[in-house]
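Single-structure report; data block below.
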Amino acid sequence: MLLEVRDLYVEFRTRDGVAKAVNGVSYSVDAGETLAVLGESGSGKSVTAQAVMGILDTPPGRVSGGEVLFRGRDLLALKEDARRTVRGAEMAMIFQDALSALNPVLTVGDQLGEMFVVHRGMSKKAARARAVELMDRVRIPAAAERVGQYPHQFSGGMRQRIMIAMAMALEPALIIADEPTTALDVTVQAQVMELLAELRRELGMGLILITHDLGVVADVADRIAVMYAGRIVETAPVHDIYKAPAHPYTRGLLDSIPRLDHKGRELYAIKGLPPNLTAIPPGCPFHPRCPRARDVCRTDLPPLYRVSQDRRSACHFWEETVDASSA
Ligand code: SF4
Ligand code: MG
């Protein structure tokens, strides 16, 4: 297994008390596999990724339990300089906002080239040539001419391609992309997502795709892990999730995707808001918003029930949820 997150806990100190951002998350990604991590903002999906990458804001954040095994080695036990070597060379991250992730006063050629100078000991000239190659590879037109331009001179979609080029420069085994297309318009979103999927295939990387939008991952993900209030509430192969979700929260997310065949119909929205992480509701954290909630849900935290060999749901009533979905 390339990456295995085991029973991870992360908390943040806030003015209102301790925010329990990640509460016992386990997931894994193999080489060549794409895992989509889905959830609303504040569900803990980005914080989990930051803990995996070792870029958590500490303090106020802190990993309070669990393991992050990368090729069998626990990254949480490594010293920061060893961690930094893993980051970039073995795993890399792509962020939503390329403009603030890129350095505004360096040309894209210098930023891309720096990866090869620092990590591969290349000359500046050779590194520049590699930068052009990379830009070509992520299909930035006229790469040789544009290599001397600054980030602000590129469109949002092109900047996101530059981010992807930076992330894959050293051919890492794992890429984590956090809402990589959220800031882009729909057509460009699809192109960038396709590019990511293609590179993942070619390079045989593991890919973790973090998103709040179930619509964008359908064609690219192998498996989905749905997060709510810092926990995984459902995990399954992507097709099973679309066919018949086994958790009412997943059902809600699915029903809130705009669909062409539902034109004119009002879009469903899950009622209420995600919980305050300093005061997560007792029992099933989703119960205040759940259309199926009943007494036991208010008192008993559902474990991750085994739905089938490769499927889990943290709902006491997953069976009726599946039945209702397939009806
Ligand atoms: Fe809804 Fe209860 Fe299932 Fe939670 S355990 S998702 S409240 S039915
Ligand atoms: Mg986020």
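Per the UniProt record's numbering, the sequence shown starts with residue 1, numbered consecutively.
Cβ coordinates follow ideal geometry from the N, Cα and C atoms, glycine included.
Are there any heavy atoms of the ligand SF4 lying less than 6 Å away from the beta-carbon of residue i, as far as the coordinates show?
{"i": "PRO303", "result": "no"}
{"i": "PRO248", "result": "yes"}
{"i": "ALA293", "result": "yes"}
{"i": "PHE70", "result": "no"}
{"i": "HIS316", "result": "yes"}
{"i": "PHE12", "result": "no"}
{"i": "PHE286", "result": "yes"}
For residue i, which residues from the same chain have a beta carbon less than 8 Å from its beta carbon, with the 5 sequence-adjacent residues on both sides left out?
{"i": "ARG159", "result": "ALA98, LEU99, LEU102, PRO151"}
{"i": "LEU195", "result": "VAL138, ARG139, ARG161, ILE164"}
{"i": "THR299", "result": "PRO282, GLY283"}
{"i": "ARG6", "result": "SER26, GLY66, GLU67, VAL68, LEU69"}
{"i": "PRO275", "result": "ALA229, PRO281, PRO285, PRO288"}
Please report how far the alpha carbon of residue i lies from the alpha carbon of residue j, in whole angstroms.
{"i": "PRO172", "j": "VAL18", "result": "35 Å"}
{"i": "GLU179", "j": "ALA218", "result": "14 Å"}
{"i": "ASP136", "j": "ALA142", "result": "8 Å"}
{"i": "VAL10", "j": "ARG128", "result": "40 Å"}
{"i": "ALA269", "j": "TYR249", "result": "11 Å"}
{"i": "LEU112", "j": "ALA169", "result": "7 Å"}
{"i": "TYR27", "j": "GLU33", "result": "13 Å"}
{"i": "ALA177", "j": "ASP30", "result": "16 Å"}
{"i": "PHE286", "j": "LEU203", "result": "39 Å"}
{"i": "ALA49", "j": "LEU56", "result": "9 Å"}
{"i": "GLY230", "j": "ALA21", "result": "5 Å"}
{"i": "LEU3", "j": "PRO282", "result": "31 Å"}
{"i": "ASP310", "j": "GLY272", "result": "30 Å"}
{"i": "ASN23", "j": "PRO104", "result": "37 Å"}
{"i": "ALA190", "j": "ASP295", "result": "43 Å"}
{"i": "MET1", "j": "GLY72", "result": "8 Å"}
{"i": "residue 329", "j": "THR14", "result": "Because the chain is modelled from 1 through 327, residue 329 falls outside the range shown and cannot be assessed."}
{"i": "VAL108", "j": "GLN153", "result": "10 Å"}
{"i": "HIS212", "j": "SER43", "result": "9 Å"}
{"i": "SER326", "j": "MET91", "result": "39 Å"}
{"i": "SER123", "j": "MET205", "result": "27 Å"}
{"i": "SER41", "j": "LYS125", "result": "43 Å"}
{"i": "ASP185", "j": "GLY61", "result": "33 Å"}
{"i": "SER308", "j": "ILE224", "result": "15 Å"}
{"i": "LEU174", "j": "THR278", "result": "32 Å"}
{"i": "VAL238", "j": "PRO245", "result": "10 Å"}
{"i": "VAL117", "j": "ASP110", "result": "10 Å"}
{"i": "VAL322", "j": "LEU207", "result": "28 Å"}
{"i": "THR58", "j": "ALA324", "result": "44 Å"}
{"i": "ASP222", "j": "ILE241", "result": "11 Å"}
By Cβ distance below 7 Å, which residues in the same chain neighbour residue i in space, the five residues on each side in sequence not counted?
{"i": "LEU76", "result": "VAL63, GLU67, VAL68"}
{"i": "GLY54", "result": "LEU75, ARG83, ARG87"}
{"i": "LEU214", "result": "LEU38, LEU253, LEU254, ILE257"}
{"i": "MET193", "result": "THR181, VAL216, VAL220"}
{"i": "ARG306", "result": "ARG312"}
{"i": "LYS45", "result": "VAL37, GLY39, ILE210, MET227"}
{"i": "LEU134", "result": "LEU112, ALA165, ALA169"}
{"i": "ALA89", "result": "HIS119, LEU170, PRO172"}
{"i": "ARG251", "result": "PRO245, THR321, SER325"}
For residue i, collect the residues of the same chain with a Cβ closer than 6 Å to its Cβ; drop the 5 residues on either side in sequence, then sort them by chain order.
{"i": "VAL132", "result": "ALA143, ALA144, VAL147"}
{"i": "TYR314", "result": "In the sequence on display, residue 314 carries Ala and not Tyr. Counting only Cβ-Cβ distances below 6 Å, and skipping sequence neighbours, we find VAL233, PRO302, LEU304."}
{"i": "PHE95", "result": "ALA101, ASP178"}
{"i": "PHE317", "result": "ARG292"}
{"i": "ILE188", "result": "A small fix is needed here, since residue 188 is Val in this sequence, not Ile. Closer than 6 Å at the Cβ level, and outside the excluded window around VAL188, lie GLY157."}
{"i": "VAL47", "result": "VAL10, ALA21, VAL22"}
{"i": "CYS290", "result": "PRO248"}
{"i": "ALA197", "result": "VAL220"}
{"i": "PHE12", "result": "ALA19, ALA21, PRO60, GLY61"}
{"i": "ALA167", "result": "ALA92, ILE94, ILE175"}
{"i": "THR235", "result": "ALA225, ARG312"}
On the DSSP bridge assignment, give the partners of residue i in chain order.
{"i": "SER28", "result": "GLU4"}
{"i": "LYS79", "result": "Paired residues: none, contrary to the question."}
{"i": "PHE12", "result": "ALA19, GLY61"}
{"i": "VAL226", "result": "LEU38, GLU234"}
{"i": "ALA177", "result": "ILE94, LEU209"}
{"i": "VAL68", "result": "VAL5"}
{"i": "TYR305", "result": "SER313"}
{"i": "residue 401", "result": "A query on residue 401 cannot be resolved here, the shown segment of the chain reaching from 1 to 327 and no further."}
{"i": "ARG73", "result": "PHE70"}
Would you say the beta carbon of residue i is closer than 6 Å to some non-hydrogen atom of the ligand SAM?
{"i": "PRO274", "result": "Here the bound small molecules are the ligand SF4 and the ligand MG; the ligand SAM is not part of this structure."}
Ordered list of alpha helix (DSSP H) runs contained in the region 81 to 128, each at least 4 residues: You should have 98 to 101, 108 to 120.
Length-filtered (4 minimum) alpha helix (DSSP H) runs lying within the region 129 to 181: If we require 4 residues or more, the alpha helix (DSSP H) runs fully inside the region 129 to 181 come out as 143 to 146, 156 to 168.
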